[in-house]
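In my numbering, the protein residues as written are 1180 to 1679.
For every residue, glycine included, the Cβ atom is placed at its ideal position computed from N, Cα and C.
Only a predicted model underlies this, so the values are computations on that prediction, with no experimental measurement involved.
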Ligand code: TXE
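The structure is reproduced here in structure tokens:
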């Protein structure tokens, strides 16, 4: 079956897409955009038009924020017990899993993601995350504190409370549209907030379907609203909206800064999970087969469109050549094709624009004197496929070494001493993640505290857990997704001091 036939067949099978023109989801109903405009949603494997989604305006954002606020302030929302929110989130988790076939097909159609990855990570991991966050609804707590107040007279009772921060905005990128939407919605709902979600204009479909599932789980209409549209219009209006108490954003560092600036004007709280250029440091004693496998996944998983991708490989010189040979062999053997084909290991990039961006990095790296170990060309015809690519000998100042490519592109560099590796690893404005590969626990322990990164893996890369906070040092962001930190990020901490 050709790529086009595979996509067309999937398209026919999804009832949600029979509508073709998809409005916003506000206050529990589908709403046509105020301006009447729609944006195309395109399958990056075939360039087939899959659907059209509303091109949201500031007026649409106003309506969504008003709905979230009315719900947040309603008596019925305030009277929900933590156990009620827990139960509804638990039902949502089951609904995400039960609708996994449809959700994963939508992810593959709109983003080119391998269907199996969508099933396992976006749907499977997403459902588990919602279940994990459901548990937090009943476990948030303040503290009773001993105090040293010296004012004579009464006794003093001092304690803290965690309260929901209020109406929250979730601005989500295209690489894990369903999973990252859940990373934000689930802790917000667990904490007692209501939400306006703005998915990427390239991948709005699963967010819209998710909003329906949220209602089916028992949440009221205004608990999760979805406004689709561009970042420049809908996204910017949401980040700057005075009715938003907290914005949780995942995307590029440049856009994250814009979101942060807009938020500060209203003192809106913000969490920013931004770009990365994550180093993998391989010491000479490492198990090279394990490293080759781990780094291949680290950089080529989801075509390298992962914020924590192991895009900079630093290898101790005695094993540099051997490891590059293993990696090149593994990269050349990867099967490139449609995400619907279970044999496929590498799918298309998300869009033509992103494909052009990644190819520009590759061409520039060549022009700057980097050696292509393997790859470096477009693959297949018709969609936005790039060969798994490895560069060696790229000058330290080259853009491919310093900037986030967000594609299947690895740059390898040798080093002699561990100090040199740590210095190079930290020589970047980013600080999202890093990995260390060695058989020596002592060596690993010594390196971990020296790395400026929000997550450090040892003998692994890109391994996430719902309980482990994820976020960046330096320009990779502020605040944390996942774990207790995420749910606490949707709360205010109130101190109470009572004269008894
Ligand atoms: O990201 P943007 P783009 C990086 C990656 C990629 C680059 C560009 O390097 O190549 O970013 O991708 C919304 N106010 N990452 O252009 O612009 C936008 O509509 C408010 C890393 O897609 O950051 C989308 O919903 N919102 C990353 C979201 O922000 C705005 C994942 C992300 O878009 C806005 C994706 C504005 N002014 C890309 N402008 C990661 N950390 O995983 C845009 N948006």
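Contact test: residue i Cβ vs the ligand TXE heavy atom, cutoff 8 Å
i, result
"residue 1445", "no"
"residue 1304", "no"
"residue 1379", "yes"
"residue 1634", "no"
"residue 1431", "yes"
"residue 1553", "no"
"residue 1352", "yes"
"residue 1409", "yes"
"residue 1434", "yes"
"residue 1533", "yes"
"residue 1486", "yes"
"residue 1455", "yes"
"residue 1417", "yes"
"residue 1405", "no"
"residue 1414", "yes"
"residue 1199", "no"
"residue 1671", "no"
"residue 1584", "yes"
"residue 1599", "no"
"residue 1452", "yes"
"residue 1428", "yes"
"residue 1580", "no"
"residue 1491", "no"
"residue 1270", "no"
"residue 1536", "yes"
"residue 1133", "Residue 1133 cannot be examined here, being either before or after the span of the chain that is shown, 1180 to 1679."
"residue 1441", "yes"
Short Cβ contact (9 Å threshold) for residue i with residue j
i, j, result
"residue 1536", "residue 1585", "yes"
"residue 1303", "residue 1279", "yes"
"residue 1669", "residue 1223", "no"
"residue 1351", "residue 1430", "yes"
"residue 1604", "residue 1503", "no"
"residue 1618", "residue 1468", "no"
"residue 1386", "residue 1366", "no"
"residue 1345", "residue 1425", "yes"
"residue 1664", "residue 1658", "yes"
"residue 1583", "residue 1454", "yes"
"residue 1500", "residue 1515", "no"
"residue 1141", "residue 1251", "Outside the displayed span of the chain (1180 to 1679) sits residue 1141, for which this structure offers no information."
"residue 1214", "residue 1238", "yes"
"residue 1230", "residue 1191", "no"
"residue 1381", "residue 1305", "no"
Inter-residue Cα distance where the pair is residue i and residue j
i, j, result
"residue 1561", "residue 1244", "40 Å"
"residue 1297", "residue 1478", "17 Å"
"residue 1287", "residue 1598", "42 Å"
"residue 1542", "residue 1609", "23 Å"
"residue 1232", "residue 1462", "49 Å"
"residue 1218", "residue 1408", "7 Å"
"residue 1264", "residue 1209", "24 Å"
"residue 1399", "residue 1236", "24 Å"
"residue 1427", "residue 1519", "31 Å"
"residue 1275", "residue 1282", "8 Å"
"residue 1196", "residue 1285", "9 Å"
"residue 1507", "residue 1569", "7 Å"
"residue 1421", "residue 1579", "39 Å"
"residue 1574", "residue 1550", "10 Å"
"residue 1491", "residue 1671", "38 Å"
"residue 1447", "residue 1634", "26 Å"
"residue 1540", "residue 1567", "14 Å"
"residue 1182", "residue 1572", "36 Å"
"residue 1193", "residue 1496", "52 Å"
"residue 1359", "residue 1661", "10 Å"
"residue 1653", "residue 1300", "27 Å"
"residue 1241", "residue 1389", "21 Å"
Residue i: CB within 8 Å of a non-hydrogen atom of the ligand GDP
i, result
"residue 1438", "Absence of the ligand GDP from the depicted structure is noted, with the ligand TXE being the only ligands included."
Note to self: Can you confirm whether the region 1187-1204 touches the region 1520-1534 when touching is taken to mean that 3 or more C-beta pairs between the two stretches lie within less than 8 Å?
What the structure shows: no
Note to self: Measuring CB atoms only, is the region 1308-1328 touching the region 1263-1276, in the sense that at least three cross pairs come out at less than 8 Å?
What the structure shows: Touching, per the Cβ criterion.
Item checked: Inter-stretch contact (C-beta, 8 Å, three-pair minimum) for the region 1460-1475 and the region 1663-1679 -> no
Checklist line | Any 3 or more C-beta pairs closer than 8 Å across the region 1406-1418 and the region 1322-1340 | finding: no
Next item on the list: Flag this pair as touching only if the region 1611-1630 and the region 1456-1467 have three or more C-beta atom pairs under 8 Å; answer yes or no.
Entry: yes
Margin query: I'd like to know if the region 1571-1590 and the region 1482-1492 are in contact, where contact means that at least 3 CB-CB pairs between them fall below 8 Å.
Written below: yes
Notebook entry, point to check: If we count Cβ pairs, one from each stretch, closer than 8 Å, do we get three or more for the region 1547-1563 versus the region 1249-1267?
Noted result: Contact fails: fewer than three Cβ-Cβ distances are below 8 Å.
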